[in-house]
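Below is one structure, written out as structure tokens; the observations come after it.
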Amino acid sequence: MLTIASWNVNSIKVRLPHLLQWLASFRPDIVLLQETKVVDDAFPRLEIEDSGYNVAAAGQKTYNGVAVLSRQPIDVLARSLPGDDSDEQARYLEVFTAGFRVASLYVPNGNPVESAKFPYKLGWLERLYQHARTVLTGDDRVVFGGDFNIAPAASDVYDPEGWKNDALCRPESRAGLRKILYLGLTDALRARAPGVTGPFTWWDYRRGAFAADEGLRIDHLLLSPQALDRLGECGVDRTPRGWEKPSDHAPAWCRFIDDDVAASDGTPAGA
Numbered sequence: 001m002l003t004i005a006s007w008n009v010n011s012i013k014v015r016l017p018h019l020l021q022w023l024a025s026f027r028p029d030i031v032l033l034q035e036t037k038v039v040d041d042a043f044p045r046l047e048i049e050d051s052g053y054n055v056a057a058a059g060q061k062t063y064n065g066v067a068v069l070s071r072q073p074i075d076v077l078a079r080s081l082p083g084d085d086s087d088e089q090a091r092y093l094e095v096f097t098a099g100f101r102v103a104s105l106y107v108p109n110g111n112p113v114e115s116a117k118f119p120y121k122l123g124w125l126e127r128l129y130q131h132a133r134t135v136l137t138g139d140d141r142v143v144f145g146g147d148f149n150i151a152p153a154a155s156d157v158y159d160p161e162g163w164k165n166d167a168l169c170r171p172e173s174r175a176g177l178r179k180i181l182y183l184g185l186t187d188a189l190r191a192r193a194p195g196v197t198g199p200f201t202w203w204d205y206r207r208g209a210f211a212a213d214e215g216l217r218i219d220h221l222l223l224s225p226q227a228l229d230r231l232g233e234c235g236v237d238r239t240p241r242g243w244e245k246p247s248d249h250a251p252a253w254c255r256f257i258d259d260d261v262a263a264s265d266g267t268p269a270g271a
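In this text, residue positions in the sequence shown follow our numbering: the first is 1, and each later residue adds one.
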């Protein structure tokens, strides 16, 4: 089994002790991080490498920032989302590792809807669609994972009526995500939990939202058919969200069955 997880840590500097604790206990093979909020030179590479992971990062000061951690070697394929050379926001990192082509992505929030931030979000989704369309012409096992800042349907929101005008739930945002899914990608968490509310991946810091499970499902792992063929179980690890001074997100994860991918200790699976 090979585990791929995605977690918006909401500052790698603040959340590093949580990340290291979680890596040691959950032991994922590949981790996609978002909102690292540091330039690459300030990324805590050594501490994470000491935990047994290789690191690739694409960051900027104070905002955004994405990274990929893997127990296997990492080959970086793209450090930004193609389609707009003027976009300097660190929101996309694509690599090949452990037999998978994986992308850690942080879709723009888009609020307030009346501002320029919402058209930027929709344009970013269109660029992701165009890039994914190209990537999916190959035979790789592809995973687009991260904080999409989109709750795909009413079942992904604790209060659909109250959130209907938010950029995370607007019809335009949902249509942009559906367009990407229609390329042949599968929303892994929803595929394994059809017809239910949640599982949520984000809870507001205010108003005791986590204790009341008043959340949204905005972190997703989208799988190509080749990755879906090996999909085992999926879930959300709520444990870190309950720690002191947590990220407002919890890690979403998938496990894959694959005899061709090296095991975490470097031994071929099945050996």
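Virtual Cβ for every residue (Gly too), placed ideally from N, Cα, C.
Note that the structure is a prediction, hence the values are computed from the model and not measured.
Beta-carbon proximity list for residue i, same chain, < 8 Å, skipping 5 on both sides
{"i": "Arg127", "result": "Leu81, Pro82, Gly83, Asp84"}
{"i": "Ala211", "result": "none"}
{"i": "Ala283", "result": "Outside the shown range of the chain, which is 1 to 271, sits residue 283, and nothing can be said about it."}
Enclosing beta strand (DSSP E) for residue i [first to last residue]
{"i": "Ala56", "result": "54-58"}
{"i": "Ile4", "result": "2-8"}
{"i": "Leu69", "result": "66-70"}
Own chain residues within Cβ distance below 6 Å of residue i, not counting five before or after
{"i": "Ala154", "result": "Pro160"}
{"i": "Ser264", "result": "With a pLDDT of only 41 at Ser264, under the threshold of 50, the placement of this residue in the model should not be trusted; the figure read from the coordinates follows. Within the same chain, Ser264 has close Cβ partners Asp29, Arg71."}
{"i": "Lys117", "result": "Gly110"}
{"i": "Val236", "result": "Pro199, Thr201, Ala250, Ala252"}
Strand pairing of residue i, partner residues [DSSP]
{"i": "Glu94", "result": "Ala78, Ala103"}
{"i": "Trp274", "result": "The structure shown does not extend to residue 274, since the chain is modelled only from 1 to 271, so the question has no answer here."}
{"i": "Ile30", "result": "Ile4, Ser70"}
{"i": "Phe144", "result": "Ala103, Leu222"}
{"i": "Leu228", "result": "None, per the DSSP bridge assignment."}
{"i": "Trp203", "result": "Gly215"}
{"i": "Thr186", "result": "Leu223"}
Neighbourhood of residue i by C-beta, 7 Å cutoff - its chain only, sequence neighbours within 5 removed
{"i": "Leu228", "result": "Thr186"}
{"i": "Asp166", "result": "Asn111"}
{"i": "Asn149", "result": "Val107, Pro108, Asn109, Gly110, Leu168, Ile218"}
Identity of the residue in the options nearest residue i by Cα
{"i": "Gln89", "options": "Arg101, Val107, Pro73, Ala98", "result": "Val107"}
{"i": "Pro171", "options": "Pro246, Lys121, Asp41, Tyr53", "result": "Lys121"}
{"i": "Phe26", "options": "Ala5, Asp40, Ala209", "result": "Ala5"}
{"i": "Ala53", "options": "Pro73, Phe43, Gly242, Thr36", "result": "Ala is not the amino acid found at residue 53; the sequence shown has Tyr there. Checking every option, the nearest Cα to that of Tyr53 belongs to Pro73."}
{"i": "Ala193", "options": "Tyr205, Asp147, Arg217", "result": "Arg217"}
{"i": "Glu94", "options": "Ala58, Pro119, Leu125, Pro112", "result": "Ala58"}
{"i": "Gly138", "options": "Phe100, Leu105, Asn165, Asp156", "result": "Phe100"}
{"i": "Arg206", "options": "Lys164, Lys245, Asp40", "result": "Lys245"}
{"i": "Asp204", "options": "Thr239, Gly162, Asp248", "result": "Asp248"}
{"i": "Lys37", "options": "Leu183, Asn8, Leu46", "result": "Asn8"}
{"i": "Glu49", "options": "Ile257, Leu19, Leu2", "result": "Leu19"}
Extent of the continuous alpha helix (DSSP H) run through residue i
{"i": "Gly288", "result": "Examination of residue 288 is not possible in this model, given that the chain is present from 1 through 271 alone."}
{"i": "Lys117", "result": "117-135"}
{"i": "Gly138", "result": "Segment: none, Gly138 is in no alpha helix (DSSP H) and carries neither H nor E."}
{"i": "Glu88", "result": "Unbroken run through Glu88: none, as it is neither H nor E."}
Proximity test, residue i beta-carbon vs the ligand FMN heavy atom, cut-off 8 Å
{"i": "Gly162", "result": "Ligands displayed in this structure: none; no statement on the ligand FMN is therefore possible."}
query = On the three-pair Cβ rule with 8 Å, is the stretch 137-154 touching the stretch 215-223?
reply = yes
message = Under 8 Å, with one C-beta from each stretch per pair, do the stretch 54-70 and the stretch 172-181 reach the 3-pair mark?
response = no
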